[in-house]
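Numbering (the numbering used here), first residue to last: 1 to 432. Everything on this sheet refers to the single structure shown next.
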Ligand SMILES: NC(=O)c1ccc[n+]([C@@H]2O[C@H](COP(=O)([O-])OP(=O)(O)OC[C@H]3O[C@@H](n4cnc5c(N)ncnc54)[C@H](O)[C@@H]3O)[C@@H](O)[C@H]2O)c1
């Protein structure tokens, strides 16, 4: 399989959607002035477990929203989500999903962006998010996106561009880094920023869990269909476990450092491998453990571990150490608040209507995603990777997402061996 980013939409597509952006934006500024009595129309792109969950949480948390459109590559996914929404009496007034507002196929994103939704919920998979987010912003849609937002540096740059454009258009953007909307975390991190534990000297972040799901292949599925349905097995689809899951914990550490004027690490030095995962094709090319040492300014180091091992000691947490104490980042709050996965949708809607602070979380989620991608590249290659490498240097345009074609072959890539084999190994990193 030849690496190379698929241009998932042409310039002409963008131009068409940009025209829609202007009218949609004008309507929304009107809605903002009138407060929350205006109903905001919602569409979901990516009707899987998380996307459907996010839609339910959007409807649960807000009175002034209505879901009117669904999109997914696979029709069965749309049907399942539609049934779930339509069977829930609580949402009777908050749904109006007509057949001509349901879009399938690889171009489903185009259809949903041409409807008059105000908010796009992006619940697809990390490989496809950059193109979807860029097009959604150009179409003038407010954004809720799941994380991570990309699997490679080229994808992160696309999302950063979209986020800057969202600022120009005055659009709101919330990312699925829900800890940032969790009352316990928010109150604790605010205290850390106010100096409760002094200056930060070091941090730890762990996502050590068990093996994720894996699906057997249905003989009727093409290679691409199998990759998308069995997505937690392919680096190009999900970014490997450090990117897909551990970015939550890295994001909390970034959030802590933001309060001290630091937005991202300087470099990372990492290692890892695959010891536990069975050597079977259905497990694809992913590793099952990573360990990283992220270096931040002022000689602050973040030790991170992410693992997929069954039946052994585990843990999912962050811990930061200061000159005057330490914190789990959620131990100085005053009691739990609303479910953060509901709260994030309330905060998005309040940002749009003007009842809450304006939010654009495009940059923070891009930076956390980029840090985890640096960790993966460092581990796969046994090389130290710098922020400069991925932002401006030799890895800026590095992309691992192939062209999408139902008839093409997508063989399993070999499991990376640092500096030797695997799609993630970069010869240019070994020539210095
Ligand atoms: N914030 C959180 O705590 C949290 C929790 C779980 C999952 N997630 C994230 O949510 C995302 C989805 O996870 P999931 O468990 O719902 O997976 P899923 O497979 O259940 O859902 C993904 C959906 O996207 C669809 N899809 C894939 N490519 C598409 C494309 N090009 N166009 C349209 N639709 C496409 C798939 O058909 C599928 O229905 C992942 O990125 C995951 O990391 C976040």
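Virtual Cβ for every residue (Gly too), placed ideally from N, Cα, C. All values derive from a computational prediction rather than experimental measurement.
Nearest to residue i (by Cα), restricted to the options the options
i: residue 142; options: 358, 383, 386 and 422; result: 358
i: residue 63; options: 95, 262, 50 and 127; result: 95
i: residue 97; options: 109, 81 and 90; result: 81
i: residue 234; options: 165, 283 and 316; result: 283
i: residue 89; options: 368, 117 and 60; result: 60
i: residue 261; options: 193, 57 and 83; result: 193
i: residue 324; options: 202, 126 and 44; result: 202
i: residue 339; options: 393, 153, 180 and 290; result: 180
i: residue 139; options: 127, 122, 130 and 116; result: 116
i: residue 40; options: 167, 320 and 58; result: 58
i: residue 416; options: 379, 388 and 410; result: 379
i: residue 363; options: 136, 150, 163 and 120; result: 163
i: residue 157; options: 411, 410, 403 and 397; result: 397
i: residue 223; options: 293, 412 and 376; result: 412
DSSP three-state assignment for residue i, whether helix, strand or coil
i: residue 35; result: Legend: pLDDT at residue 35 = 43, less than 50; position of this residue unreliable, value from coordinates given subsequently. Residue state, collapsed to three classes: helix.
i: residue 393; result: coil
i: residue 167; result: helix
i: residue 213; result: coil
i: residue 326; result: strand
i: residue 221; result: coil
i: residue 95; result: strand
i: residue 207; result: strand
i: residue 160; result: helix
i: residue 305; result: strand
i: residue 415; result: coil
i: residue 193; result: helix
i: residue 104; result: strand
i: residue 425; result: coil
i: residue 420; result: coil
i: residue 277; result: coil
i: residue 348; result: helix
i: residue 401; result: coil
i: residue 26; result: Low confidence applies to residue 26: its pLDDT is 32, below 50, so where it sits in the model is not reliable, and the reading given next is rough at best. Residue 26 falls in the helix class under three-state DSSP.
i: residue 387; result: helix
i: residue 289; result: strand
Residue i CB to nearest heavy atom of ligand 1 below 8 Å
i: residue 368; result: no
i: residue 87; result: no
i: residue 155; result: no
i: residue 47; result: yes
i: residue 466; result: Since the displayed the chain opens at 1 and closes at 432, residue 466 lies outside it and no answer follows.
i: residue 182; result: no
i: residue 205; result: no
i: residue 481; result: Residue numbering for the chain in the displayed model covers 1 to 432; residue 481 lies beyond these limits and cannot be assessed.
i: residue 178; result: yes
i: residue 245; result: yes
i: residue 110; result: no
i: residue 229; result: yes
i: residue 132; result: yes
i: residue 458; result: Absent from the model: residue 458. The displayed extent of the chain is 1 to 432, so no value can be given.
i: residue 235; result: no
i: residue 120; result: no
i: residue 74; result: yes
i: residue 125; result: yes
Sub-9 Å separation of residue i and residue j beta-carbons
i: residue 200; j: residue 243; result: no
i: residue 144; j: residue 111; result: no
i: residue 124; j: residue 46; result: yes
i: residue 391; j: residue 267; result: no
i: residue 254; j: residue 367; result: yes
i: residue 251; j: residue 159; result: no
i: residue 205; j: residue 305; result: yes
i: residue 329; j: residue 189; result: yes
i: residue 187; j: residue 165; result: no
i: residue 311; j: residue 288; result: no
i: residue 419; j: residue 382; result: yes
i: residue 169; j: residue 277; result: no
i: residue 183; j: residue 344; result: no
i: residue 197; j: residue 351; result: no
Distance cut-off 8 Å: residue i Cβ against heavy atoms of ligand 3
i: residue 102; result: Ligands displayed in this structure: ligand 1; ligand 3 is not among them.
Sequence ranges, alpha helix (DSSP H) only - wholly within the region 239-263, length at least 4
241-244 and 247-258
Taking only runs of the alpha helix (DSSP H) that begin and end inside the region 119-155, which ones reach a length of at least 4 residues, in chain order?
129-138
Completely contained alpha helix (DSSP H) runs for the region 59-98, where each covers 4 or more residues
75-86
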